[in-house]
Amino acid sequence: MIHAYQVVVAAPYVAALVLLVIPGYRLGAIANVAASALTFGAGLWLMVSERVVSDYAIVDEFNIVFIVINTLVGFTTALFSASYIGHEIETGRLTPNLLRFYHAMFQAMMGSMNLALVANNIGLMWVGLELATLITVVMVGLYRTPQAIEAAWKYFILASVGISLAFFGTILIYLAGQPVLGEGVPAMTWNLLQAAASRMDPAILDLAFIFLLIGYGTKVGLAPLHAWLPDAHAEGPTPISAVLSGLLLNVALYALLRFKMVVAGQPAALDPGPIMIVMGLVSLIFAAFMLYQRRDIKRLFAYSSIEHMGLMVFAFGMGGPLANFAGLLHMTMHSLTKSGIFFAVGHIAQAKGSQRIADIKGLSVTHPRLAVAFALAVFAISGLPPFGVFTSEFLILTTTFARDPWLALLPAFGLLVGFGALLMRLQDTIFGEPVGPAHRVDASSVPLVLHLLLVLTAGIYLPPVLVAWFQRAAELLG
Amino acid sequence: MNHAYEISHLLAGVMLVTSFALLYQQRVAAVLNTFAAQSIALALAVAWAAWSQGRPDLFITALIALTLKGIVIPVALHRTVARLGIHREVEKVVGVGVALMVGLALTGLAQALLFKVTHGTASHAREELALALAIILLGFLMMIVRRNAVTQIVGFMSMENGLILAATGARGMPLVVEVSVAFSVLIALFVFAVFVFRIRERFDTIDIEALDRMRGDRR
């Protein structure tokens, strides 16, 4: 009997192999959508199927949240990409062969992220996350412009530093688990490590967590390890920016949270909470100020991703059922909204033939419907009601306020600073005299509208089933 | 039993010495030769661990380290350097003296950190791990203080050598050694195919300085 989690991991990899041999990019794009739809179906199926704990795979309430978001956004991004990427051939930025490679790599990346999410083995999880990272490095360099190559090189160097530190941390966790659980596979298995954490040497766990925090924190995009993130978002194809911000950062955060659960099981080890609170706040406030100086629209939203990842890390650092619930909700809302924004940015870049904010004036005159959709998406990400991001940010701030009123001032300040920057930039792009060319946009607006509707619905009414499910996941997080 | 650890320490020590040697080489060709020597020392260390721990699967790791990192990659990089006609001298961000002093401090840090933390585990494992961490940190240092793309790649691969040493030092660690070797293959291919040639194509140089001119927002 095949279990849903096997489909979630295997389907994208099989699809990647098939896509490598499919001639013609139109057929490839359709096959890409079909494979992503299949994976999303399997992700939904996972919600109702039995929970799994085996030597190599784990499916619990906590990682299902991540898997469903991952497969959903993977599917909508494939949909967006199918209608978007043909344009890149017309403008000569990509060749049909490169596009075939792109589709195959897209599926391989989805498969690797899903592998990292279902792995019950810390080594296997590392492999999944690193494979996904290396594939995105190649994707970022896909256009082969000097800027793209520089971005890919910077990403490669910083990611490889992250890879190495995370791997050394993984070895240290194994060393901590080995005297308790014995040599071999058990000392690398999540659920066993978590159960046995109280008997492990706290000093080794401390050191391991520091390495893992820096290693995986580089991938989450926490300041001061974020330098790769804006370049990688700006220079790669837009669907990849959507997946980077919406998904890959989440998967890295997931790895960090799993290790936090292990270390938290040993009371004598250092408390991961305060470290995460500080790193989260630094990223949040730093990124909020950086938003003001951006000239490139994709860089702008890349910094906004750093800001929101910082807020999530802050929430998870606070810990406890309420803050964890708020953090998980914020992660979901951010994934949906941010990938939606990158879809809109893709439309704008096609309409204006440029990513520079100065070139995107007067959108409301030339492309009124696109301007409205983009404005709504930016309202959503800057935390205005009635969108879901408002709900989650409000929850994070109120839980913090209940515990420590002074501490709540800092994230509130960061969010306000970021809010101002986003509205200023929104005004620059929407209003004013139109400049430059105004092309017709071919890309489909269905994924963008779908994401906006989901975020709006979540902001107005969260179904009790969903709330109960997130609460169970938040409790697992401790 | 005792001399088993002494031999593995000796080989790990040789690797550490080559890490320092990588920092003071003046010519790219010498950097590549030193890296090859380090990889051969790694292959011997892994082979010794395979024999003394009775884990035949580690011999595969040793063989891959020997052929790929000891021979194929250095030879290929030598040819790349010759064909592209890039600078034969190592371009430095800081001088040799400063780099060596920082390297020494990092090695001391690695020893102090791990000895302090791992007092519970068996002594041979922690000494091996401390040496491995020193090699990893020196690899980082090399990536930071050397400017040229080829020397940065060598710094990265030397860091990987340290990681593989650490993984073999952790007794009975499953799966990961094989996987990390697979990764070094992947990364090596990736580095060659994607970067060296594309950077050449675009800039007629593989000096990272040329890339840095494109830094920041487009204006």
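Residue numbers (my numbering), protein chains in the order written: chain A, 243 to 720; chain B, 515 to 733. Glycine included, each C-beta is placed from N, C-alpha and C at the ideal position. Bear in mind that the values here come from a model prediction, so they are computed numbers and not experimental data.
Assumed close pair residue i, residue j - CB separation to whole angstroms, cut-off 8 angstroms
i	j	result
V301 of chain A	L288 of chain A	6 angstroms
A361 of chain A	Y298 of chain A	7 angstroms
V607 of chain B	R569 of chain B	Contact doesn't hold; Cβ gap of about 41 angstroms is too wide.
E549 of chain A	L526 of chain A	5 angstroms
T642 of chain A	P653 of chain A	7 angstroms
Partner residues on chain B for residue i, Cβ-Cβ distance less than 9 angstroms
i	result
I413 of chain A	L643, A646, L677, A680, A681, G683, A684, M687, V690
Q508 of chain A	The contacting residues do not exist; Q508 of chain A stays about 13 angstroms from chain B at best.
V403 of chain A	F654, M657, F670, M673
Q436 of chain A	Those do not exist, as Q436 of chain A stays about 18 angstroms from chain B at its closest Cβ, beyond 9 angstroms.
Assigned exposure category for residue i - 16 Cβ within 10 Å defines buried
i	result
V709 of chain A	exposed
W395 of chain A	buried
Y703 of chain A	exposed
M243 of chain A	exposed
L651 of chain A	exposed
L321 of chain A	buried
A476 of chain A	buried
F398 of chain A	buried
P706 of chain A	exposed
N363 of chain A	buried
W648 of chain A	exposed
F712 of chain A	buried
G463 of chain A	buried
A246 of chain A	buried
T640 of chain A	exposed
R645 of chain A	exposed
S406 of chain A	buried
V612 of chain B	exposed
R729 of chain B	For R729 of chain B, the predicted structure reports a pLDDT of 47, less than 50, and the residue's modelled location is therefore unreliable. A value from the coordinates is still provided. When all chains shown are included, R729 of chain B counts as exposed.
D513 of chain A	exposed
H517 of chain B	exposed
M622 of chain B	Here residue 622 of chain B turns out to be Gly, not Met, going by the sequence shown. Per the 10 Å Cβ criterion, exposed.
T431 of chain A	buried
L546 of chain B	buried
S296 of chain A	exposed
Q535 of chain A	exposed
Under 8 angstroms between C-beta atoms of residue i and residue j
i	j	result
A465 of chain A	A393 of chain A	no
R541 of chain A	P472 of chain A	yes
N312 of chain A	L359 of chain A	yes
L537 of chain B	M656 of chain B	yes
G660 of chain A	L489 of chain A	no
I482 of chain A	F543 of chain A	no
L665 of chain A	A615 of chain A	no
A253 of chain A	A277 of chain A	yes
N492 of chain A	A716 of chain A	no
S687 of chain A	I623 of chain A	no
G676 of chain B	A639 of chain B	no
G370 of chain A	S354 of chain A	yes
Q552 of chain B	V604 of chain B	no
V607 of chain A	I539 of chain A	no
D684 of chain A	H329 of chain A	yes
L657 of chain A	G701 of chain A	no
G411 of chain A	M442 of chain A	no
A784 of chain B	I452 of chain A	This structure gives no information on residue 784 of chain B, because the portion of chain B shown stretches from 515 to 733.
G561 of chain A	M521 of chain A	no
Residue i: contacting residues in chain A (beta-carbon distance under 8 angstroms)
i	result
Q666 of chain B	I399
V631 of chain B	A445, I446, D448, L449
Proximity test, residue i beta-carbon vs the ligand GTP heavy atom, cut-off 7 angstroms
i	result
F712 of chain A	The ligand GTP is not part of the structure shown, which contains no ligands of any sort.
Per-residue contacts from residue i into chain B (C-beta, under 7 angstroms)
i	result
E425 of chain A	R685, G686
Y416 of chain A	A684, M687
M430 of chain A	P688
Chain-ordered chain A contacts of residue i [CB-CB under 9 angstroms]
i	result
E650 of chain B	The identity of residue 650 of chain B in the sequence shown is Ile, whereas the question assumes Glu. Chain A residues near I650 of chain B: S406, L407, F410.
L627 of chain B	L449
Chain B contact residues for residue i, given Cβ-Cβ distances below 8 angstroms
i	result
Q592 of chain A	Correct list: empty, because the minimum Cβ distance to chain B is about 18 angstroms.
Q349 of chain A	Those do not exist, as Q349 of chain A stays about 17 angstroms from chain B at its closest Cβ, beyond 8 angstroms.
Which parts of the segment 466-499 of chain A are runs of the alpha helix (DSSP H), unbroken and 4 residues or longer, counting only runs that do not cross its ends?
-> Qualifying alpha helix (DSSP H) stretches, in chain order: 470-477, 480-485.
Segments of 3+ residues assigned as beta strand (DSSP E) that fall wholly inside the segment 534-567 of chain B | The qualifying runs do not exist here; there are none.
Quick one: complete alpha helix (DSSP H) runs, 4+ long, within the segment 412-466 of chain A?
-> With a minimum length of 4 residues, the continuous alpha helix (DSSP H) runs that stay inside the segment 412-466 of chain A are 432-438, 444-462.
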